[in-house]
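Add 9 to a position in the sequence shown, counting from 1, and you land on the number used in the working numbering.
Comments concern the structure below.
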Amino acid sequence: MAKTNYDEPKSAKGPLFYGYKVFQYVFLIFLAVMSLLPFVIMIINATRSRSQIESHAISLIPGTNLATNWKVFTGKSFNVTTGFINSFIVSTGATICSVYFSTMTAFAIVAYDWKFKKAFFAFIMAVLMIPPQVTSIGMYQFMYSIGMTNKLFALIVPAVAAPSTVFFMRQYMSGALPMEILQSARIDGAGEFRIFNQIALPMMKPAMATQAIFAFVSSWNNLFLPLILLTDKKKFTMPIMVSQLNGDIYKTEYGAVYLGLTLTVLPLFVIYFLLSKYIIAGVALGGVKE
Numbered sequence: 010m011a012k013t014n015y016d017e018p019k020s021a022k023g024p025l026f027y028g029y030k031v032f033q034y035v036f037l038i039f040l041a042v043m044s045l046l047p048f049v050i051m052i053i054n055a056t057r058s059r060s061q062i063e064s065h066a067i068s069l070i071p072g073t074n075l076a077t078n079w080k081v082f083t084g085k086s087f088n089v090t091t092g093f094i095n096s097f098i099v100s101t102g103a104t105i106c107s108v109y110f111s112t113m114t115a116f117a118i119v120a121y122d123w124k125f126k127k128a129f130f131a132f133i134m135a136v137l138m139i140p141p142q143v144t145s146i147g148m149y150q151f152m153y154s155i156g157m158t159n160k161l162f163a164l165i166v167p168a169v170a171a172p173s174t175v176f177f178m179r180q181y182m183s184g185a186l187p188m189e190i191l192q193s194a195r196i197d198g199a200g201e202f203r204i205f206n207q208i209a210l211p212m213m214k215p216a217m218a219t220q221a222i223f224a225f226v227s228s229w230n231n232l233f234l235p236l237i238l239l240t241d242k243k244k245f246t247m248p249i250m251v252s253q254l255n256g257d258i259y260k261t262e263y264g265a266v267y268l269g270l271t272l273t274v275l276p277l278f279v280i281y282f283l284l285s286k287y288i289i290a291g292v293a294l295g296g297v298k299e
């Protein structure tokens with residue numbers, strides 16, 4: 010009986026294949042460099058003097074004026090440490106409120122059938138189209154009438170209403186939340202808040218981590234709302250302090266400005282690296298087929 014030869018097919022990988030792979034890696038490396046270049050320039054300019062930055066705005070050679078820029082930055086009438094603490098309190102509180110209550114709203118839209126559910130979701134999408142600048146006057150008058158100006162709490166509470174986060178959570182929850190598990194929990198006697206906190210929230214970790222990054226970055230970089238609600242220097246956040254480094258029309262200490270921007274960006278990197286593992290885990294979980 011003839012022996013059947015089950016040889017492995019020869020690889021079709023030729024010079025074109027490897028050339029294409031090399032092109033892919035080179036292109037991706039180029040994109041990574043272009044993405045990181047602004048941050049590198051910002052950090053390097055934080056060590057250079059005003060004259061050096063004005064003569065050559067882009068340089069990859071660090072300067073020797075970091076101590077001088079730090080003296081200029083800390084020599085203003087505000088306290089940098091206080092600004093960091095205020096920004097951290099506002100950003101953390103706004104992120105928690107935005108992510109938690111938006112997830113709860115999305116859960117109510119996805120997990121329950123009620124009469125005006127579609128109209129309610131359409132209203133949220135309509136609110137998403139309204140720029141915050143349009144409602145700023147009414148926002149300030151309302152906060153002033155209830156005595157909430159110059160209070161950090163006034164910057165945290167509006168984060169409860171986050172239409173974009175609700176939309177993202179609703180879209181993610183529609184495919185990631187099995188209704189059978191919720192029904193089983195109800196049959197076992199679990200209450201709705203327990204179902205949401207102990208069953209729905211753990212399943213939403215990747216989406217919550219993604220939105221937490223966006224919410225924290227948006228709140229940390231927010232300048233418009235703190236600028237109209239805060240006048241007490243003890244309540245200033247980091248963006249307000251950096252905006253006051255521009256000086257007058259004749260002289261601006263650009264080195265101190267870049268140093269302030271660098272200090273402002275550092276916590277954002279920390280938050281991203283802390284939460285990125287949940288995003289990667291969610292992508293890996295979504296790529297597994299049963």
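Ideal Cβ positions, reconstructed from N, Cα and C, are used throughout, including at glycine.
None of these values were measured; they are calculated from a predicted model.
Same chain only: Cβ atoms within 7 Å of residue i, ignoring 5 sequence neighbours per side
i	result
Lys-19	Unreliable positioning characterises Lys-19 in this predicted model, as indicated by a pLDDT of 49, which lies under 50. A coordinate reading is not provided.
Met-10	Model confidence at Met-10 stands at a pLDDT of 48, short of 50, so the residue's coordinates are unreliable; what they give is reported in the following sentence. Here the set comprises nothing.
Ala-209	Phe-116 and Leu-186
Ala-194	Ile-204 and Ile-208
Asn-95	Leu-161, Lys-244, Phe-245 and Thr-246
Asn-230	Pro-248
Nearest-angstrom Cβ-Cβ length linking residue i and residue j, presumed shorter than 8 Å
i	j	result
Asn-159	Leu-239	6 Å
Thr-174	Gln-220	5 Å
Leu-191	Ile-204	6 Å
Leu-234	Leu-161	Not quite, the Cβ-Cβ distance comes to about 11 Å (not below 8 Å), so this is no contact.
Ile-237	Tyr-149	5 Å
Leu-284	Ala-218	4 Å
Tyr-181	Ala-216	4 Å
Outcome for residue i when other beta-carbon atoms lying within 10 angstroms are tallied against a minimum of 16
i	result
Tyr-263	buried
Thr-83	exposed
Tyr-121	exposed
Val-49	exposed
Val-81	buried
Gly-184	exposed
Residue i to residue j span [Cα, whole Å]
i	j	result
Leu-272	Ala-55	10 Å
Pro-167	Gly-28	53 Å
Glu-63	Ala-131	50 Å
Val-4	Ser-145	Because residue 4 is not part of the residues shown, which for the chain are 10 to 299, the question remains open.
Lys-30	Ala-41	17 Å
Ala-115	Leu-268	40 Å
Arg-179	Ile-118	7 Å
Phe-151	Met-157	9 Å
Lys-124	Glu-201	19 Å
Ser-44	Ala-66	18 Å
Phe-282	Ile-222	10 Å
Asp-197	Ser-227	41 Å
Continuous alpha helix (DSSP H) stretch holding residue i: start and end
i	result
Ser-79	Just to set this straight, residue 79 is Trp in the shown sequence, not Ser. Taken as a continuous stretch (DSSP letters only), the alpha helix (DSSP H) holding Trp-79 covers 75–83.
Met-148	145–154
Same chain, Cβ closer than 8 Å to residue i, neighbours up to 5 away in sequence not counted
i	result
Gln-253	Lys-85 and Phe-87
Thr-317	Residue 317 lies beyond the residue range present for the chain, which begins at 10 and ends at 299; the question has no answer from this structure.
Val-251	Val-266, Gly-269, Leu-270 and Thr-273
Leu-137	Pro-172, Ser-173 and Phe-176
Close beta carbons around residue i, own chain, < 6 Å, minus the five adjacent residues each side
i	result
Phe-225	Ser-100, Thr-104 and Ile-280
Ile-52	Thr-271
Lys-214	Tyr-287
Ala-171	Ser-107 and Ser-111
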